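Letter by letter, the sequence shown follows residues 518 to 619 in our numbering.
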Amino acid sequence: MTLGLDETKIGESFMWYCLSQLSSENIEDCMYSYREDFRDYVLDKLEGEIVNTYDDKVMVQHKSQELKRDLDITVDRVSINIGNIVKRLGLSKDDWKKSLGL
Numbered sequence: 518m519t520l521g522l523d524e525t526k527i528g529e530s531f532m533w534y535c536l537s538q539l540s541s542e543n544i545e546d547c548m549y550s551y552r553e554d555f556r557d558y559v560l561d562k563l564e565g566e567i568v569n570t571y572d573d574k575v576m577v578q579h580k581s582q583e584l585k586r587d588l589d590i591t592v593d594r595v596s597i598n599i600g601n602i603v604k605r606l607g608l609s610k611d612d613w614k615k616s617l618g619l
């Protein structure tokens, strides 16, 4: 006998359920933490590529400064977008069910 359960929907349901158990303050803290971790990870990866691409120290420094500026702008924009998504979701105790149409 097959239950006909959609495993993807079950996984999504679990994610929404977990989010609904967090306070707005916890979610906001996670957003700030994610922002910093994401920025640091991308910066390390791209700075390594710059060092491997350019031999000139002045060019490496210039490209590194450009990278940091562009990355900060992108991270700010992404953080705003994530914040807006979280606000639109409405993560009260039962709102996760509405997001899944349950």
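C-beta atoms are modelled at their ideal positions from N, C-alpha and C, and glycine is treated no differently.
Model, not experiment: these values are computed from the prediction.
### Task
Taking 9 Å as the cut-off, decide whether the C-beta atoms of ILE567 and VAL577 are in contact.
Yes.
### Message
For ASP554, tell me which candidate among ASN598, TYR571, LEU539, LEU588 has the shortest Cα-Cα distance.
### Response
LEU588
### Message
Rounding to the nearest angstrom, what Cα-Cα distance links LEU539 and TRP533 in this structure?
### Response
10 Å
### Close Cβ partners of GLU564 (< 8 Å) along its chain, the five nearest in sequence each way excluded
Excluding sequence positions up to five before and after GLU564, its CB lies within less than 8 Å of the CB of SER581, LEU584, all in the same chain and listed in chain order.
### Query
Between the beta-carbon of MET548 and the beta-carbon of ILE590, is there less than 9 Å?
no
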